[in-house]
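Please read the structure below before turning to the comments.
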Amino acid sequence: MRPLRGDDPARLGPYRLRGRLGEGPVFLGISPGGAEVAVRVLPEPEDAVAAERFERRARDARRVARFCTARVLDAEPAGDRPYIVSEYVPGPSLRRAVREEGPLRGTELARLAVGTARALAAIHRAGVAHGDLRPGNVVLGPDGPCVIGFGLASLTGGDSGVSGFMSPEQARTGDLGPAPDVFAWGATLLFAVSGQVPFGADESYGAPDLTGLDEGALKELVRRALAQDPDRRPSAADLLLRLTGEVPDIPEVTDVPEAGEPEAPSQPTMPTWAVPPQRRRGVRPWVVAAMVAAVLLAAALAGGLWLRSGDDPEDAETGVEVGSGTTMTSDRDDVGVRSSREAGRAVPGGRPAAIAERRSDGAATRARGFARTPRAGA
11 MRPLRGDDPA RLGPYRLRGR LGEGPVFLGI SPGGAEVAVR VLPEPEDAVA
61 AERFERRARD ARRVARFCTA RVLDAEPAGD RPYIVSEYVP GPSLRRAVRE
111 EGPLRGTELA RLAVGTARAL AAIHRAGVAH GDLRPGNVVL GPDGPCVIGF
161 GLASLTGGDS GVSGFMSPEQ ARTGDLGPAP DVFAWGATLL FAVSGQVPFG
211 ADESYGAPDL TGLDEGALKE LVRRALAQDP DRRPSAADLL LRLTGEVPDI
261 PEVTDVPEAG EPEAPSQPTM PTWAVPPQRR RGVRPWVVAA MVAAVLLAAA
311 LAGGLWLRSG DDPEDAETGV EVGSGTTMTS DRDDVGVRSS REAGRAVPGG
361 RPAAIAERRS DGAATRARGF ARTPRAGA
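First residue of the sequence shown: 11, per the working numbering; consecutive thereafter.
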């Protein structure tokens, strides 16, 4: 936080301002209840129509769920200095963290990918477009990555986005929507692993350099997010669900299509799930045969004892122990998906049914069963 400048207001509405945050006219404020908040001053609406749009878009922004986002708390379009108030998230921006500490790898990168995808999914679900997703609008807070600044472009009706992170269609026409946000997500992740702005300031869009990403699901998702044709990009919900292993695997894309390249008509296909649906396993024939043999053996032994007991009572007292035949046990665990908060994605686990054969001497021999190795990228 930096001190207030001489021309900065000491108060906006009911919020007392303590200092400046980040870039632009963003202040650390104190709410009437004593909570720290972020107060951003916005351009004054040009007319009544713009003011009405401001109020409508601010209401939409307040509907965004609190999933890795700084929730919008208040907005005031009237007065000389319109402002919007959101939760204050302490921590450096992604831009600052990468510049000062270097690129992200491993768990940190996975948490960033999942957290920002979750934030975009929540923003889009509320009918809002971020319009300016970039490293400066991602805060690495104490609870993980947090996306800030969403909806500001639509609030003001002005220019949005930053060269190097904007999608081709947003750079050309200023269009806002989910697809440009997904492109910016991919560009932001490339910055996180390289420390470099992924595309030039001249709005040229060559093939993205993905060398900083390990082979796997994340690299393929970033590749698809950066497709120049917005119709070929996944949605934010697809990104989130694929990263957490809950939706079908995304087919590999070998090249990024150029803008305007026609897309082949898609054919309906059955999805290939990261974790196959659980199937009911029938009893194997040899198991049935073994069980039948055990029952017959037990019956024969019992019959022999009954016959002998009629001739000599002492033989009945020293008879063979019935029940020492083969018994079958199962130690099956359900196949499922477990979530990994640190890695930011789910790993399939579990093992198939294992059948053990137990003899009268107490020893057990495992006939079938193995630990399944988790698939990379699931």
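Ideal placement from N, C-alpha and C gives every residue a C-beta, glycine not left out.
So residue i and residue j are in contact, right, with Cβ under 8 Å, and what is the actual spacing, rounded?
i    : j    : result
V99  : G151 : 4 Å
V124 : G161 : With 8 Å as the limit, V124 and G161 do not qualify as a contact, their Cβ atoms being about 22 Å apart.
A197 : L236 : 7 Å
V149 : S103 : 6 Å
I'd like to confirm the pairing. Which residues does DSSP put opposite residue i in its beta bridges?
i    : result
Y215 : Bridge partners of Y215: none, in fact.
R30  : R12 and F37
A48  : L38 and S96
S463 : This structure does not reach residue 463, given that the chain is present from 11 up to 388, and the question cannot be answered.
L119 : In the DSSP output, where bridge partners are listed per residue, L119 has none listed.
D84  : V95
C156 : V149
R21  : R26
T79  : V157
May I ask whether a heavy atom of the ligand SAH can be found less than 7 Å away from the beta carbon of residue i?
i    : result
A107 : What this structure holds is no ligand at all, so the ligand SAH is not there to describe.
Quick check: what's the CA-CA separation for residue i versus residue j?
i    : j    : result
L200 : Q206 : 8 Å
D224 : A120 : 11 Å
L14  : G23  : 17 Å
L231 : P244 : 8 Å
F37  : E110 : 23 Å
G39  : A45  : 8 Å
G101 : G255 : 29 Å
A80  : G34  : 17 Å
A20  : R135 : 36 Å
G216 : F77  : 33 Å
G112 : P208 : 16 Å
M11  : N147 : 16 Å
R182 : Q238 : 12 Å
V108 : L114 : 7 Å
G210 : Q180 : 15 Å
G16  : P218 : 44 Å
E54  : K229 : 42 Å
E56  : Y25  : 24 Å
S204 : L220 : 9 Å
R242 : A75  : 27 Å
L52  : R106 : 24 Å
Select from the options the residue whose C-alpha is nearest the C-alpha of residue i.
i    : options                  : result
L253 : L122, V36, D84 and R105  : L122
E86  : A237, R50, D219 and P208 : R50
L251 : S103, S41, G23 and A227  : A227
V82  : V59, C156 and G210       : C156
G116 : G222, L249, A75 and M11  : G222
I158 : D185, G23 and V47        : V47
D90  : D185, R242, G255 and D18 : D18
W195 : R242, R135, T126 and D84 : T126
P88  : S204, R242, S41 and V59  : In the sequence under discussion, the amino acid at residue 88 is Ala, which differs from the Pro named in the question. Of the listed residues, the one whose Cα sits closest to A88 is V59.
D248 : R234, D239 and D219      : R234
E118 : R106, G154, D84 and S204 : G154
P240 : D185, P218 and G210      : D185
S41  : V74, D57, D84 and P53    : D84
>> So, does the region 58-71 touch the region 86-106, judging by three or more C-beta pairs under 8 Å?
In response: yes
> Are the region 183-195 and the region 142-151 touching, with three or more C-beta to C-beta distances below 8 Å?
Replying inline: yes
> For the 8 Å Cβ check, are there 3 or more pairs between the region 170-185 and the region 124-135?
Replying inline: no
> Does the region 69-84 touch the region 27-38, meaning 3 or more C-beta pairs lie closer than 8 Å?
Replying inline: no
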